[in-house]
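In terms of full-length UniProt numbering, the sequence shown is residues 1 to 336.
Ideal Cβ positions, reconstructed from N, Cα and C, are used throughout, including at glycine.
Quick notes on the structure that follows.
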Amino acid sequence: MTTGADVRDILELGGGEMDAGPISKKDIINSDKKKSKKSAETLTFKRPEGMHREVYALLYSDKKDAPPLLPSDTTQGYRTVKAKLGCKKVRPWKWMPFTNPARRDGAIFYHWRRMAEEGKDYPFARFNKTVQVPVYSEQEYQMYLPDEGWTKAETDHLFDLCKRFDLRFIVIHDRYDHQQFRKRSVEDLKERYYNICAKLAKIRAPSGTDPKIYVFDAGHERRRKDQLERLYNRTPEQVTEEEYLIQELRKIETRKKEREKKAQDLQKLITAADSTTEMRRAERKATKKKLPQKRETEKPVSPLGDYSTLPSYHGDCNILAAVEHINRSYHLCVFS
1 MTTGADVRDI
11 LELGGGEMDA
21 GPISKKDIIN
31 SDKKKSKKSA
41 ETLTFKRPEG
51 MHREVYALLY
61 SDKKDAPPLL
71 PSDTTQGYRT
81 VKAKLGCKKV
91 RPWKWMPFTN
101 PARRDGAIFY
111 HWRRMAEEGK
121 DYPFARFNKT
131 VQVPVYSEQE
141 YQMYLPDEGW
151 TKAETDHLFD
161 LCKRFDLRFI
171 VIHDRYDHQQ
181 FRKRSVEDLK
191 ERYYNICAKL
201 AKIRAPSGTD
211 PKIYVFDAGH
221 ERRRKDQLER
231 LYNRTPEQVT
241 EEEYLIQELR
251 KIETRKKERE
261 KKAQDLQKLI
271 TAADSTTEMR
281 RAERKATKKK
291 LPQKRETEKP
301 VSPLGDYSTL
311 PSYHGDCNIL
321 AAVEHINRSY
331 HLCVFS
């Protein structure tokens with residue numbers, strides 16, 4: 001015969017030696033509730049005084065997952081992917097010579113490069129951009145390009161420098177041979193170069209086409225530099241005076257805008273008053289038209305006419321005129 005201790009041992013229920021005896025139905029049904037109550041009592045802690053509720057909720061005091069012991073990154077989003085080193089074999093590099101195709105002196109340089117790229121062209125040579133400077137022949141110069149202030153030797157020297165320094169006219173002016181040729185300014189060099197380019201473009205353009213011509217205004221450039229030099233050479237007194245004048249001009253403009261705004265507001269008020277007076281006049285005319293007119297008392301009209309309209313006749317001479325008027329009225333009444 002099984003006892004209560006045997007049943008508790010099979011169901012893995014806790015119990016001491018004092019629980020010996022036959023097991024009952026209530027013990028089997030209420031065993032889970034008792035176990036949960038005991039576990040809840042053992043795992044529940046009281047919040048210490050002075051600790052906020054949110055801080056206490058962060059503590060591990062429930063049956064949920066335990067807090068991680070190591071920091072982990074499980075976020076999925078737009079983030080920079082870190083390089084995973086050590087996954088593949090390192091590519092071999094080699095100290096090898098190379099030449100730059102942009103150079104014409106055949107200079108040889110050395111640098112580190114991957115073994116797979118040995119024998120390939122220098123990758124940065126594609127960034128070497130040169131300016132296409134036009135070239136003219138002797139016949140073209142004699143026919144279209146001669147100038148009184150320029151010789152052919154000086155023009156050739158100018159175009160040679162333009163080709164060497166890629167149209168950097170400040171450098172060209174610095175390297176210009178002022179001892180052999182006349183002393184020229186930067187504007188003079190630019191004017192001569194762009195005039196020749198425009199003439200060559202017109203000559204070499206096919207018939208029926210409009211070539212693109214670059215025009216350089218040397219006079220405008222000289223005036224611009226002159227104004228810039230004057231602006232740069234101003235004294236402190238002139239600068240302060242100019243700032244004072246600018247401030248006064250701004251004040252005048254603000255006062256002008258305020259006056260214009262006030263005038264606009266006044267004009268709006270005047271137009272509103274005129275419109276209200278016109279509306280009132282129209283309303284008065286409409287009310288006068290709607291009022292009923294007094295009907296005059298109708299008087300009995302005799303068939304011979306209205307005797308009130310007869311003029312006053314005095315004497316025997318006027319009696320005949322009165323009789324004629326009565327007869328005329330009678331005929332009108334009868335034959336009309």
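| Query | Result |
| --- | --- |
| Length of the line joining the Cα atoms of Val171 and Val90 | 47 Å |
| Residues sharing a beta bridge with Pro97, DSSP | Tyr110 |
| Reference Lys183; option with closest CA among Asp156, Pro206, Leu167 and Trp150 | Trp150 |
| Straight-line gap, Val215 to Tyr194 (C-alpha atoms, nearest Å) | 7 Å |
| Glu187 burial status per 10 Å Cβ neighbour count (16 or more: buried) | buried |
| Val301, buried or exposed, once every other Cβ within 10 Å from all chains shown has been counted against 16 | With a pLDDT of 49 at Val301, under the threshold of 50, the modelled position of that residue is not reliable, and no figure is offered here. |
| Between the CA atoms of Glu243 and Leu249 - distance to the nearest angstrom | 10 Å |
| Cβ-based burial, Leu158 [other Cβ within 10 Å; buried from 16] | buried |
| Exposure label - Lys268; buried when at least 16 CB within 10 Å | exposed |
| C-beta atoms of Asp166 and Thr130 nearer than 8 Å | yes |
| Helix, strand or coil at Gln174 [DSSP, three-state] | The sequence as given places Asp at residue 174; Gln does not occur at that position. The answer is helix: DSSP assigns Asp174 an H, G or I state. |
| C-alpha gap between Trp112 and Asp105, whole angstroms | 22 Å |
| Touching by the beta-carbon criterion (3+ pairs, under 8 Å), the segment 221–237 and the segment 206–213 | no |
| Status (buried if at least 16 other CB within 10 Å, exposed otherwise) for Arg126 | exposed |
| Sequence-distant residues of its chain with Cβ nearer than 7 Å to Tyr56 (five each side left out) | Arg47 |
| Cβ pair Leu161, Arg175 closer than 8 Å | yes |
| Interface flag, Leu231 vs chain B, CB-CB below 8 Å | Any reference to chain B falls outside this structure, which holds one protein chain only. |
| Contact belief for Leu245 with Ile196 at Cβ below 8 Å, rounded distance in angstroms | With a Cβ gap of about 46 Å, Leu245 and Ile196 do not count as contacting. |
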